[in-house]
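Following this line, the structure appears as structure tokens:
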């Protein structure tokens, strides 16, 4: 059931993915990934490939429609990774409004297109093109950027990843708070006897600063044929945020349901609940 190569045992024709969040938090990860501390660059979860690592697209076989919804966020996506296509691809739209500061009205709309393929056996590369438009107190700023991801699976039970985010310089006229910052991430994923999966990611601070990195780790275990339990930990030095996470998943014959909770150990206001639902045909 667990695999660093794919979360699917059968091709997926259509999926719907819903996330409900009760905090103004980033929603660029699935509930399955939220529950393991946000670690997922070297794993494959359908809702994450366009945000965490585009190279993982080569391991998601089929077609699906993806959507996230929260109080301040909306995301829609369409992926085509079936055998009929030459290059696996994903297209998504993301919209977010930031209400953390009552004196600052920030609204973002973003389009992403990801493509991926194998460079050689067990080594895949993917890229994501980003078109971002953000309004700050009514003034509009446009940016284009890109992510590059690499995914290497030396064995069927081990996955490793390297991802470069926002590799191009942001326009000088864009305020610093709005700029797409350069970041780099490393990921590791391993399976033990098809029972326990271990994930570990390191994400740099902006401008590829590993001196203030975010560290994410989690465990995922199969309780029985249908139930998966997850726990995780995240320490984001740059954001002064330390999270404990937990969740579970139900893998039914027709759908998959995941739940996650993230709470901040350092006392700051952060308490996030997320749910995702995946239908396969």
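In the numbering used here, the protein residues as written are 30 to 310.
A virtual CB, placed ideally from N, CA and C, is assigned to each residue, including glycine.
In this text, all values refer to a predicted model and were calculated from it rather than measured experimentally.
Using only the alpha-carbon positions, how far apart do residue 177 and residue 105 sit? On the chain shown, position 148 is the one that residue 177 refers to. On the chain shown, position 76 is the one that residue 105 refers to. Rounded to whole angstroms, residue 177 to residue 105 spans 21 Å at the Cα level.
Reference residue 254; option with closest CA among 111, 281, 72, 66: One-based indexing of the chain shown puts residue 254 at position 225. Checked all of 111, 281, 72, 66; the closest Cα to residue 254 is 281.
Should residue 95 be labelled buried (16 or more other beta-carbon atoms within 10 Å of its own) or exposed? The residue labelled residue 95 in the question sits at position 66 within the chain shown. That one is buried.
For residue 272 and residue 172, I'd like the C-alpha separation in whole angstroms. Here residue 272 refers to the residue found at position 243 when the chain shown is read from its first residue. Here residue 172 refers to the residue found at position 143 when the chain shown is read from its first residue. Whole-angstrom Cα-Cα distance: 31 Å.
Please give the ranges of any beta strand (DSSP E) in the region 67-126, keeping only runs that are unbroken, at least 3 residues long and fully inside the region. 92-98, 102-109
In this structure, what does DSSP give as the bridge partners for residue 213? Translated into the one-based positions of the chain shown, residue 213 becomes position 184. DSSP, once it has assigned bridges, lists 193 as partnering residue 213.
Nearest-angstrom Cα separation, counted from residue 276 out to residue 155: Taking the chain shown and counting its residues from 1, one reaches residue 155 at position 126. Taking the chain shown and counting its residues from 1, one reaches residue 276 at position 247. Between residue 155 and residue 276, the C-alpha separation is close to 29 Å.
For residue 204, three-class secondary structure by DSSP: Counting from 1 along the chain shown, the entry for residue 204 is found at position 175. Three-state DSSP puts residue 204 in coil, outside helix and strand.
For residue 113, is the classification buried or exposed, using 16 other Cβ atoms within 10 angstroms of its Cβ as the cut-off for buried? For the purposes of this step, residue 113 is identified with residue 84 of the chain shown, where counting begins at 1. Residue 113 is exposed by the Cβ-count criterion.
Would you mind sorting residue 73 into buried or exposed? The rule is 16 or more other CB atoms within 10 Å of its CB. Locating residue 73 in the chain shown gives position 44, counting from the first residue. The residue is buried, with at least 16 neighbouring Cβ atoms inside 10 Å.
According to DSSP, simplified to helix, strand and coil, what is residue 294? For the purposes of this step, residue 294 is taken as residue 265 along the chain shown, with counting starting at 1. Looking at residue 294 - three-state DSSP - the assignment turns out to be coil, as it is neither helix nor strand.
Look at residue 135 and residue 165 and say whether their C-beta atoms are less than 8 Å apart. For the purposes of this step, residue 135 is identified with residue 106 of the chain shown, where counting begins at 1. For the purposes of this step, residue 165 is identified with residue 136 of the chain shown, where counting begins at 1. Their beta carbons are under 8 Å apart, which means residue 135 touches residue 165 by this criterion.
Please identify the residue among 120, 60, 264, 65 whose C-alpha is closest to the C-alpha of residue 241. Residue 241 sits at position 212 when you count from the first residue of the chain shown. Comparing Cα positions, the closest option is 264.
Report all residues from its chain with a CB closer than 6 Å to the CB of residue 190; omit the five preceding and five following residues, and keep chain order. Along the chain shown, one-based indexing puts residue 190 at 161. Correct list, in chain order: 70, 71, 82, 180, 216.
Going by DSSP, which residues form a beta bridge with residue 275? Position 246 of the chain shown, counted from the first residue, corresponds to residue 275. BP columns for residue 275 point to 260, 290.
Reduced DSSP category for residue 186 - H, G, I as helix; E, B as strand; rest coil: Taking the first residue of the chain shown as position 1, residue 186 is located at position 157. If DSSP states are grouped into helix, strand and coil, residue 186 belongs with coil.
Enclosing beta strand (DSSP E) for residue 161 [first to last residue]: Looking up residue 161 in the chain shown gives position 132. That run of the beta strand (DSSP E) goes 152-165.
Our contact map puts residue 184 next to residue 225 with C-beta atoms below 8 Å; I'd like the distance itself, whole angstroms only. As a working mapping, residue 184 is identified with position 155 in the chain shown. As a working mapping, residue 225 is identified with position 196 in the chain shown. No, residue 184 and residue 225 are not in contact; Cβ-Cβ is about 16 Å, not under 8 Å.
State the start and end residues of the unbroken beta strand (DSSP E) segment that holds residue 246. Your numbering for residue 246 matches position 217 in the chain shown. Residue 246 -> beta strand (DSSP E) spans 238-251.
Within its chain, find whatever has a CB closer than 7 Å to the CB of residue 140; leave out the 5 residues flanking it on each side and keep chain order. Residue 140 sits at position 111 when you count from the first residue of the chain shown. Around residue 140: 122, 160.
Cα-Cα, which of 207, 274, 206, 193 is closest to residue 294? Sequence index remark: in the chain shown, residue 294 carries index 265 (1-based). Comparing Cα-Cα distances from residue 294 to each of 207, 274, 206, 193, the minimum goes to 274.
Residue 171, DSSP secondary structure in three states: Working through the chain shown from its first residue, we reach residue 171 at position 142. In this structure, residue 171 counts as strand in the three-state DSSP scheme.
8 Å CB neighbourhood of residue 87 in its chain, flanking five on each side removed: Along the chain shown, one-based indexing puts residue 87 at 58. Correct list, in chain order: 110, 117, 145, 146, 147, 153, 155, 180.
When we look at the beta-carbon of residue 245 and count the other beta-carbons within 10 Å, is it buried (16 or more) or exposed? Here residue 245 refers to the residue found at position 216 when the chain shown is read from its first residue. That one is buried.
Residue 61 - containing alpha helix (DSSP H), residue span: Within the chain shown, the letter at position 32 stands for residue 61. Looking at the DSSP string, the run of the alpha helix (DSSP H) that includes residue 61 is 60-63.
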